[in-house]
Structures are given as structure tokens and as C-alpha cells.
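Residue numbers (the numbering used here): -19 to 229.
Quick reminder that beta carbons are idealized off the backbone N, C-alpha and C, glycines included.
In C-alpha cells, the structure reads:
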């Protein structure tokens, strides 16, 4: 009985802490799944965004998901020799990229309007996204670095500005073992903007679009990442162990 009470109290405290953290900022990214995929040679990630009730930075109908991928070799240099990825720094997905068909706009295609991801691909629209990169084991040592971000789009001007974003990815060892990177928020920078515009210019269908930097007066986002299943198991075992120690005391 005491153990059940302590476990419930521990989870209650964790939930309260998460609620207070989320409440301090109205805008948020929530990574709901994020896990390594061995032996598939990659990771899986699913995420969503939430806007606060006072959101006025960009009309919600003009918000799109985008994603930029940077492949690095063991020396930290851009890796350009992965089959199917002629340039190791690119807007994802490209129109001719494997796994399609993809459209000819630079937005990230694998997005949805519902949490169950049953709406069909929304091509950058919708609050939900997913990515399951796989098959990277043979190309190690290397790293797969994703920058997933929201932009505000002006279709008439064929331009967009940066709202907020987060990074994620994984490293591939020489033996093909996958190690997941931690997810983290990132902001606009001259280097990032130059990389996005260079990625647009490399693809004829994307080339008309321009990245205009950070949107004016957008509020900050928070990032919540669900623990990987093995991490969650360790957390539960830790709470149970604490409960046992307290019971003995």
C-alpha cells in the first residue's frame, strides 16, 4: 500500500512540474515519440506544436513545418557520399528523394492535422509531424543532424520567416550502431539562414523561395521531450526502488 502511494505521489509531482513548466510559456513543441531503431539504422520521432490563446505572430493558416538535414563525417565535415543524397546539407525532402512522391514546395511533407496521423500527408500544414529515417547503418561513422522548424509563409512573395525550431538526430558508429542525439531548441542565426537559402538554391523547384530570417515579435517556445522507452523504464524502476527503501525505513 505504501509503495503504491509513493509511486502515485512521485508521478503526481512529475506531472505537476511538467504542468508548471508548460504553463510558463504558452507556445510549445512536444516531442511525443523519440527512440533509436537498431538494427533499422536510424531513429523515430513524432512531434507537435501548440500555440497559446494570445498568439498573433503569424496567422495559423500560414504556418508550415520545414526541415533541414546536415550529414557530417567523423571529422565534422559535410558528408556528401551517401547514395541518394548528393549533397550532405539539404532541405528535406527534395522532390526526387526516396520514399516519395514528394511535392515541389520546400515544406516538410510528412505532417498531419490529427494526433493519430490518419489525415493523410498535409505537406507542411497541420500541427503534427513525424520522421523515421532508416538504413543509415552502412554509412558510419557519421552523424545525421536534423533542424525541424516552423515558418510563416507569404505565398505571394514566395518568402518565409523563422518562428521557432528544434534539433534532433543520431550518430552512426563504424559498426553501424545508432546513438540518438538529444533534442534541443534552436534559433535563427546568419549561418542557419545562409544554409537554408543555399539549400533552396540547389533545387530548381525550391529556388524561387527566399528565407527572410526571424519573424518579428514571435514569442518564445518551450520544448518537451518524452523519455525514450528504456529511459522511462529506468525512471519507473527508480521510483519503485525508492519506495522499497522508504518502506524498509
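Nearest-angstrom Cα distance between residue i and residue j?
i           : j           : result
residue 200 : residue 32  : 11 Å
residue 134 : residue 42  : 7 Å
residue 163 : residue 137 : 32 Å
residue 165 : residue 194 : 14 Å
residue 77  : residue 64  : 7 Å
residue 188 : residue 84  : 11 Å
residue 106 : residue 90  : 10 Å
residue 148 : residue 170 : 20 Å
residue 156 : residue 35  : 44 Å
residue 73  : residue 86  : 8 Å
residue 37  : residue 197 : 6 Å
residue 227 : residue 207 : Any reading at residue 227 is ruled out, since the residue's pLDDT is 48, under 50, leaving its predicted position unreliable.
residue 57  : residue 150 : 16 Å
residue 172 : residue 82  : 24 Å
residue 54  : residue 94  : 39 Å
residue 154 : residue 12  : 30 Å
In terms of residue numbering, what span does the beta strand (DSSP E) encompassing residue i cover?
i           : result
residue 145 : 139 to 152
residue 200 : That residue, residue 200, is in no beta strand (DSSP E); it is neither H nor E in DSSP.
residue 13  : 7 to 17
residue 160 : 158 to 160
residue 26  : 22 to 30
residue 123 : 122 to 134
residue 51  : 43 to 53
residue 70  : 69 to 71
residue 112 : Note, residue 112: premise wrong, no beta strand (DSSP E); not H, not E.
For the alpha helix (DSSP H) containing residue i, name the first residue and the last one.
i           : result
residue 164 : That residue, residue 164, is in no alpha helix (DSSP H); its beta strand (DSSP E) goes 164 to 166.
residue 182 : 170 to 182
Looking only at its own chain, which residues have a Cβ that is under 7 Å from the Cβ of residue i, when we skip the five neighbours before and after it?
i           : result
residue 179 : 48, 69, 70, 71
residue 97  : 108, 110
residue 92  : 99, 102, 106, 108
residue 146 : 9, 128, 163, 164, 165, 166, 203
Should residue i and residue j be called a contact, given that it needs their Cβ atoms to be closer than 8 Å?
i           : j           : result
residue 46  : residue 88  : yes
residue 192 : residue 139 : yes
residue 14  : residue 205 : yes
residue 141 : residue 131 : yes
residue 241 : residue 109 : There is simply no residue 241 to check, as the chain begins at -19 and stops at 229 in what is shown.
residue 60  : residue 67  : yes
residue 52  : residue 158 : no
residue 23  : residue 182 : no
residue 185 : residue 40  : no
residue 20  : residue 114 : yes
residue 190 : residue 177 : yes
Who are the near neighbours of residue i in its chain, counting only those whose CB is closer than 6 Å to its CB and skipping five residues on each side?
i           : result
residue 10  : 28, 204
residue 112 : 24
residue 44  : 87, 104, 131, 133
For residue i, collect the residues of the same chain with a Cβ closer than 8 Å to its Cβ; drop the 5 residues on either side in sequence, then sort them by chain order.
i          : result
residue 79 : 73
Practice prompt. Determine contact between the region 114 to 122 and the region 89 to 102, defined as no fewer than three beta-carbon pairs at a distance below 8 Å.
Written response: no
Practice prompt. Please determine if the region 48 to 62 and the region 124 to 137 are in contact, where contact requires at least 3 C-beta pairs separated by less than 8 Å.
Written response: Per the Cβ contact rule, the region 48 to 62 is in contact with the region 124 to 137 (3 or more Cβ pairs under 8 Å).
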